[in-house]
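Input: a single structure, listed below in structure tokens.
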Amino acid sequence: MLSALPFSFSAPLALAALALLPALWLILRVTPPRPRRIDFPPLKIMADLIAKRETPAHTPWWLLALRMAVAALAILAVAGPVWNPVRDAAPSRGPVLLLIDNGFGAATDWPERVAVAESRIAAATREGRPVAVVGLAEAPAAIALAEPRIALDRLRALPLQPHAPDRAAHLQRIEAFLQGSPATEIVWVADGLAVSDDGSFLARLKQDAEARRLAVHAGPAAQLALSAPENLAGALTVKVLRPTTSAAATGQVRALDLKGLPLGNAPFIFEGSNLETTARLTLPIEVRNAVSRLEIIGERSAGAVALLDDRAKRRRIGLVSGATADTAQPLLSPTYYLSRALQPFAEIREPRQGSTDPIGELLAQNLSVLVLADIGALDRETAEKVTSFVERGGVLLRFAGARLAAASDELTPVRLRRGGRTLGGGLSWETPRKLAPFTRESPFFGLTISDDIRVSRQILAEPEPNLSRKTWAALEDGTPVVTGVRRGDGLIAMVHVTADTTWSNLPLSGLFVDMLRKIVHLAGNGPAVETQSDETRVETLSPTRLLDGIGQFRSPPATAQPVARNYAGRATLAHPPGLYGPADGSLAVNALTPADTLAALDLASLGVAVLPIDEPIARDIRPLLLVLALLLLVADTLATLWLGGRLNLARLRKVAAPAAILLALGTSFGLAPDTARAQQPAPNAQADTRPPIPRALLANGAMTRLAYVVTGDKPVDDMSKAGLIGLNTVLGARTALEPGEPVGVSVERDELAFFPVLYWPIVAGRPVPSAETLRKLEAYMKGGGLVIFDTRDAMSARPGGGTTPEGDQLKRMLQTLDIPELEPLPRDHVLTKTFYILDELVGRYDTGTTWVETLPPADSDGRRPARAGDNVSPIVITANDLAAAWAIDRRGEGLVPLSGGDPRQREMALRGGINLVMYALTGNYKADQVHVPALLERLGQ
Numbered sequence: 001m002l003s004a005l006p007f008s009f010s011a012p013l014a015l016a017a018l019a020l021l022p023a024l025w026l027i028l029r030v031t032p033p034r035p036r037r038i039d040f041p042p043l044k045i046m047a048d049l050i051a052k053r054e055t056p057a058h059t060p061w062w063l064l065a066l067r068m069a070v071a072a073l074a075i076l077a078v079a080g081p082v083w084n085p086v087r088d089a090a091p092s093r094g095p096v097l098l099l100i101d102n103g104f105g106a107a108t109d110w111p112e113r114v115a116v117a118e119s120r121i122a123a124a125t126r127e128g129r130p131v132a133v134v135g136l137a138e139a140p141a142a143i144a145l146a147e148p149r150i151a152l153d154r155l156r157a158l159p160l161q162p163h164a165p166d167r168a169a170h171l172q173r174i175e176a177f178l179q180g181s182p183a184t185e186i187v188w189v190a191d192g193l194a195v196s197d198d199g200s201f202l203a204r205l206k207q208d209a210e211a212r213r214l215a216v217h218a219g220p221a222a223q224l225a226l227s228a229p230e231n232l233a234g235a236l237t238v239k240v241l242r243p244t245t246s247a248a249a250t251g252q253v254r255a256l257d258l259k260g261l262p263l264g265n266a267p268f269i270f271e272g273s274n275l276e277t278t279a280r281l282t283l284p285i286e287v288r289n290a291v292s293r294l295e296i297i298g299e300r301s302a303g304a305v306a307l308l309d310d311r312a313k314r315r316r317i318g319l320v321s322g323a324t325a326d327t328a329q330p331l332l333s334p335t336y337y338l339s340r341a342l343q344p345f346a347e348i349r350e351p352r353q354g355s356t357d358p359i360g361e362l363l364a365q366n367l368s369v370l371v372l373a374d375i376g377a378l379d380r381e382t383a384e385k386v387t388s389f390v391e392r393g394g395v396l397l398r399f400a401g402a403r404l405a406a407a408s409d410e411l412t413p414v415r416l417r418r419g420g421r422t423l424g425g426g427l428s429w430e431t432p433r434k435l436a437p438f439t440r441e442s443p444f445f446g447l448t449i450s451d452d453i454r455v456s457r458q459i460l461a462e463p464e465p466n467l468s469r470k471t472w473a474a475l476e477d478g479t480p481v482v483t484g485v486r487r488g489d490g491l492i493a494m495v496h497v498t499a500d501t502t503w504s505n506l507p508l509s510g511l512f513v514d515m516l517r518k519i520v521h522l523a524g525n526g527p528a529v530e531t532q533s534d535e536t537r538v539e540t541l542s543p544t545r546l547l548d549g550i551g552q553f554r555s556p557p558a559t560a561q562p563v564a565r566n567y568a569g570r571a572t573l574a575h576p577p578g579l580y581g582p583a584d585g586s587l588a589v590n591a592l593t594p595a596d597t598l599a600a601l602d603l604a605s606l607g608v609a610v611l612p613i614d615e616p617i618a619r620d621i622r623p624l625l626l627v628l629a630l631l632l633l634v635a636d637t638l639a640t641l642w643l644g645g646r647l648n649l650a651r652l653r654k655v656a657a658p659a660a661i662l663l664a665l666g667t668s669f670g671l672a673p674d675t676a677r678a679q680q681p682a683p684n685a686q687a688d689t690r691p692p693i694p695r696a697l698l699a700n701g702a703m704t705r706l707a708y709v710v711t712g713d714k715p716v717d718d719m720s721k722a723g724l725i726g727l728n729t730v731l732g733a734r735t736a737l738e739p740g741e742p743v744g745v746s747v748e749r750d751e752l753a754f755f756p757v758l759y760w761p762i763v764a765g766r767p768v769p770s771a772e773t774l775r776k777l778e779a780y781m782k783g784g785g786l787v788i789f790d791t792r793d794a795m796s797a798r799p800g801g802g803t804t805p806e807g808d809q810l811k812r813m814l815q816t817l818d819i820p821e822l823e824p825l826p827r828d829h830v831l832t833k834t835f836y837i838l839d840e841l842v843g844r845y846d847t848g849t850t851w852v853e854t855l856p857p858a859d860s861d862g863r864r865p866a867r868a869g870d871n872v873s874p875i876v877i878t879a880n881d882l883a884a885a886w887a888i889d890r891r892g893e894g895l896v897p898l899s900g901g902d903p904r905q906r907e908m909a910l911r912g913g914i915n916l917v918m919y920a921l922t923g924n925y926k927a928d929q930v931h932v933p934a935l936l937e938r939l940g941q
């Protein structure tokens, strides 16, 4: 390549043909143009003859220059000119190994990184070099070379992953590839971040840098990330990380709930050269417990999102002690150590001093955990309250003591031994005992046990067959120290030592805090682990809502695997960041762990110049040169015709328009970007900036999905989605249909044939769809699709009072739409009995009229035949706001109140939704069954 020029040539030897231009000049110069022909009229023989005959001796100089320019442009095009060529450390003709960081660190400028990689593949295409593409955030696999065209397809299919790349995991595969192809040039498009130890990876690339076979592209390390969200006593805190001081020094962290609604913002400031700071959201505890997502405003990255699960909620814990309060000596109080151990992650409530019913007083405060420290036998009324509290999902945690050792009740996980070896039924040793390691099935598995912990006294459990299944912690001799059992929807756990230091020094250790945290987190988390059998497997949670590379929720991909209940690691390809398990006992996996930090990659140690990501993209200008040569050739032809007398003004007018069109097309082709450049949509091209429906979603034709039309009104669109999600939940629970996640569609842009039901809420003031869009909607309805138009105006519409704005909007839409004749929903319509027997279709309102396609006239006996063609009504119009009534949470409770007086209105609305879906999927077969006698009669049976 000619590195001294601002452009290079892939075939520079072709430039030698420019030396032939002088010879071409001489050849063209001695060739005169065609002589001018003069008509010979029969009457005026001499009238138009010129007295002196003039014949040009050579071609005009300007025409020669035009033709020489055409030849020069053709020669330059053959030489393969490239504008802004990639400047490598040294020329290479070997294969290209393209390494690209496709983790969350590349999310901020992912299109630019793809464009740089595409320009590298385009350069390899021009030079005829094979390419291998490796995404460092993908699973390690064998590296294989391919044609540049195939490599380009692989690059464009490479997803942006939401986790940090594990570069060291690919090192063995890269070594094996380089041994087979030692002349390979390595191109690394790096994100500039170091989350894990990349020393071995950088050391290996340095060897290639010394051999001048390495090129590195990297942008400035200016990403921000979140880690270690914690719900403290006074605020919700989260660590904000940056890799270098060049990153933003200030910003805002936003808190959102599980539905994506904002709950509050908090600023953060990096002081001086600090790379870590904390954002504090001071919110009421009820609001903080509703936070499920923290994100940095303006950062589109999975690393800038911190998810909170059920463990982050500050549980309300009630403490009751059986000992007499001694304010003069607080260290002797059983609740002293408990309150300080629970305070970092729980809201502690204690009864009023002198209360006659302390347990009942606390249970009335909506507790999650009730802690009884050395409480003996409970009276019948209190025991019933505690039993009801546990069975409804509460956690009862009891600590041993002299009173409990002498008492007896049923609110313990195991039967306690009474009397015998020590006073009060306890057991004493001359030598204190240590704790045994926690088993994998224990909720405490993974916690570190200090060698200094000693137990000098405990309450023993009576032997029973299931004692080992209920033991969570034990001493070295196998006697239980902590036991637990599931009771109803709740849990009863017991610590067989006191909550103070009289029986053990456990309350003085950090393990005491961690054990209490584990027990508190079991509140509302579903069945507890109660067995230590070798045959029992560790509880796992399946992925439910995961993050993509830019930090948005998505459906779990095929590569996502379940995680263990106690999983506390960093997100990986197998365990992407997101929420795992049910909503009432979820586990959050984040891109970064609380111990992680962000650091900038030490690219300077490689000893090569780091090329920027935002540098001008290499561009092949051959098309531009060829178009210019073609235009000059057209100009040469016109000049030749003009000199030969064959071009006049009349003909010029006829060819002016085609020439202008040809010129415009040539200019557009000349200015079009190289096909290797990343394609990006023009900003603000449409009001709807949502991406098209993914092809992978449409390719899965076996998955039935409901769809709603995105109107551009966010509250309306959110309610439409929530309504269809609620309807999906009911469909999956009551029918054999298991629909996929609802999809928001743009009627103008997306293909509708994949969705049997399309819910369209009407919003007044929106632009009327174009004629092309309406024709597309007609084809969808005639192809078997069902469109539900919902004006949602039943409360505002008045009989005889004219139409509402939503009604006027719908009228304008349907004016040019080819729809059948409509009628109010008959009581005997198939839609009223496809799954449930209903009288009408209700939603948030029950006063609106539902319109469907008119049925054929009734027979003489009053019964209507099935519709011809065995199809469904292609259109349903209602005003009852169906989606608002369908929107329910996981517990089946509605998200918005209903206006009707029927307590079963929401249930009837959900039944109507099921009927609509079944009607769209099964047609009117129910009408055929109703009219079996008529059909048999017509068949002559």
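The sequence shown begins at 1 in the working numbering and counts up by one.
From the three backbone atoms N, C-alpha and C, an ideal C-beta is built for every residue, glycine too.
With which residues is residue 492 paired in a DSSP beta bridge?
Bridge partners of residue 492: 396 and 485.
Considering just the uninterrupted stretch of the alpha helix (DSSP H) at residue 389, what are its terminal residues?
380-391
Assess contact between the region 596-608 and the region 189-207, defined as three or more Cβ pairs (one per stretch) separated by less than 8 Å. Is contact present?
The answer is yes - the region 189-207 touches the region 596-608, with three or more Cβ pairs under 8 Å.
On a CA-only basis, which of 379, 843 and 482 is nearest residue 409? Give me that one, please.
379
Note down, one range per segment and in chain order, each beta strand (DSSP E) of at least 3 residues found wholly within the region 206-290.
214-218, 225-231, 236-241, 250-256, 262-269 and 276-281
With residue 349 as the anchor, note down where its beta strand (DSSP E) starts and where it stops.
346-349
Can you tell me which of 501, 493, 502 and 503 puts its alpha carbon nearest to the alpha carbon of residue 515?
493
Looking at the secondary structure, which residues open and close the alpha helix (DSSP H) in which residue 729 lies?
714-734
Just reading off the alpha helix (DSSP H) that residue 121 is part of, what are its end residues?
Where residue 121 is concerned, the enclosing alpha helix (DSSP H) stretches over 110-127.
So residue 489 packs on residue 392, CB below 8 Å; how close in whole Å?
6 Å
When you compare only the Cα positions, how much space is there between residue 122 and residue 153?
12 Å
Contact the region 128-138 vs the region 273-287: 3+ CB pairs below 8 Å
no
With distances taken between CB atoms, is the gap from residue 444 to residue 473 smaller than 7 Å?
yes
State the beta-bridge partners of residue 708 as determined by DSSP.
744 and 759
For the alpha helix (DSSP H) holding residue 885, just list the boundary residues, first then last.
882-886
Which first and last residues belong to the alpha helix (DSSP H) in which residue 178 is found?
171-180
Using beta-carbon positions only, say whether residue 462 and residue 403 come within less than 7 Å of one another.
no
I think residue 254 touches residue 286, with their Cβ atoms under 8 Å apart; what is that distance to the nearest whole Å?
Contact doesn't hold; Cβ gap of about 18 Å is too wide.
Cα-Cα separation, residue 377 to residue 398
Each residue's alpha carbon lies about 12 Å from the other.
Tell me which residues share the same chain as residue 140 and place their Cβ nearer than 6 Å to its Cβ, disregarding the 5 neighbours each side in the sequence.
169, 170 and 173
Can you give, in chain order, each stretch of the beta strand (DSSP E) that sits fully within the region 574-607 and has at least 3 residues?
578-580 and 587-589
Contact defined as beta carbons within less than 8 Å: I believe residue 320 pairs with residue 351. What is the distance between those atoms, to the nearest angstrom?
6 Å
Pull up the CB-CB distance for residue 224 and residue 251, whole angstroms please, since I reckon it's below 8 Å.
Correct: roughly 7 Å between the Cβ atoms.
Put residue 945 into one of helix, strand or coil per three-state DSSP.
Any answer about residue 945 is impossible in this case: the structure gives the chain only from 1 up to 941.
Going by other Cβ atoms of all chains shown within 10 Å of its Cβ, with 16 needed for buried, is residue 279 buried or exposed?
buried
Where residue 365 falls, given that 16 or more other Cβ within 10 Å makes a residue buried
exposed
Under a three-way DSSP split, which group does residue 753 fall into?
coil
Counting pairs of beta carbons, one from the region 210-219 and one from the region 581-589, are three or more of them closer than 8 Å?
no
Taking its Cβ as the centre, do 16 or more other Cβ atoms sit within 10 Å of residue 728, making it buried, or is it exposed?
Residue 728 comes out buried.
Just to confirm, are residue 834 and residue 915 a CB contact at a threshold of 7 Å?
yes
Bridge partners of residue 969, per DSSP?
With the chain covering 1 to 941 only, the question about residue 969 has no answer from this structure.
I'd like the span of the alpha helix (DSSP H) that includes residue 806, first residue to last.
805-814
Per-residue burial, residue 18 [other beta carbons within 10 Å of its own, 16 or more giving buried]:
So residue 18 ends up on the exposed side.
Within 10 angstroms of its Cβ, does residue 103 collect 16 or more other Cβ (buried), or is it exposed?
In the assembly as shown, residue 103 is a buried residue. Its beta-carbon has 16 or more other beta-carbons within 10 Å.
Compute the Euclidean distance between the alpha carbons of residue 328 and residue 464, then round it to the nearest angstrom.
Legend: pLDDT at residue 328 = 40, less than 50; position of this residue unreliable, value from coordinates given subsequently. Taken atom to atom, the span from the alpha-carbon of residue 328 to that of residue 464 is near 43 Å.
With a threshold of 16 other CB atoms inside 10 Å of the CB of residue 356, please say whether the residue is buried or exposed.
Its Cβ having fewer than 16 others within 10 Å, residue 356 is exposed.
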